[in-house]
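One structure is given below, encoded as C-alpha cells.
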Amino acid sequence: MYKIGVVGDKDSVLSFKAIGIDVYPVVEAEEAQKTIDRMAMDKYAVIFVTEHVAKDIEETIQRYNREIIPAIILIPSNQGTLNIGMQKIRDNVEKAVGVNIL
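Just so you know, the sequence shown maps onto residues 11 to 112 in the numbering used here.
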C-alpha cells in the first residue's frame with residue numbers, strides 16, 4: 011500500500027498530521043533532499059512539499075517529476091505562496107492541452 015507525506019517547515023506541515031498524513035518537518039535543504047529520497051524508497055505515492063523548501067531543492071524535485079511515483083506536489087507554506095506550484099500546474103495544462111487555458 012502506498013502512503014502520503016508532507017515535507018516542509020514545522021509550522022506549515024504540523025496541521026497535516028491531524029488528517030492522518032505523515033509529517034516530516036525539515037530545516038535545511040540537504041535534510042529535505044534526504045527526507046524526500048527516503049520517502050520515495052519507502053513507497054510514498056504522493057509527497058507534498060512546501061514551496062519555500064522546494065525552491066532550494068529544485069534538482070531533487072525535477073528528478074522525481076520524471077518518475078511516475080512519487081508525485082511531488084508543491085503547496086504554499088504558512089508564510090504564503092511563491093506561485094511556484096501554480097506555475098507548474100499552468101505549464102502542465104499548457105503541455106497537455108496545447109494552450110494555457112488557466
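Built from N, CA and C at the ideal position, the CB exists for glycine as well. Treat the numbers as computed from the prediction; the structure is a model and nothing was measured.
Pair within 8 Å by beta-carbon distance, residue i and residue j
i	j	result
Tyr54	Ile29	no
Leu24	Val33	yes
Identity of the residue in the options nearest residue i by Cα
i	options	result
Gly40	Asp66, Leu92, Lys27, Asp21	Here residue 40 turns out to be Glu, not Gly, going by the sequence shown. Closest by alpha carbon: Asp66.
Val63	Lys27, Ile31, Ile83	Ile83
Neighbourhood of residue i by C-beta, 7 Å cutoff - its chain only, sequence neighbours within 5 removed
i	result
Gln43	Ile67, Thr70
Gln89	His62
Proximal residues to residue i (C-beta, below 6 Å), its chain only, five neighbours per side dropped
i	result
Pro35	Lys20, Val23
Tyr12	Lys53, Ala55
Exposure of residue i, with buried meaning 16 or more beta-carbon neighbours within 10 Å
i	result
Met51	exposed
Spatial neighbours of residue i in its chain, beta-carbon cut-off 8 Å, leaving aside the 5 residues before and after
i	result
Thr91	Glu61
Per DSSP, cross-strand counterpart(s) of residue i
i	result
Pro35	Gly18
Tyr54	Lys13
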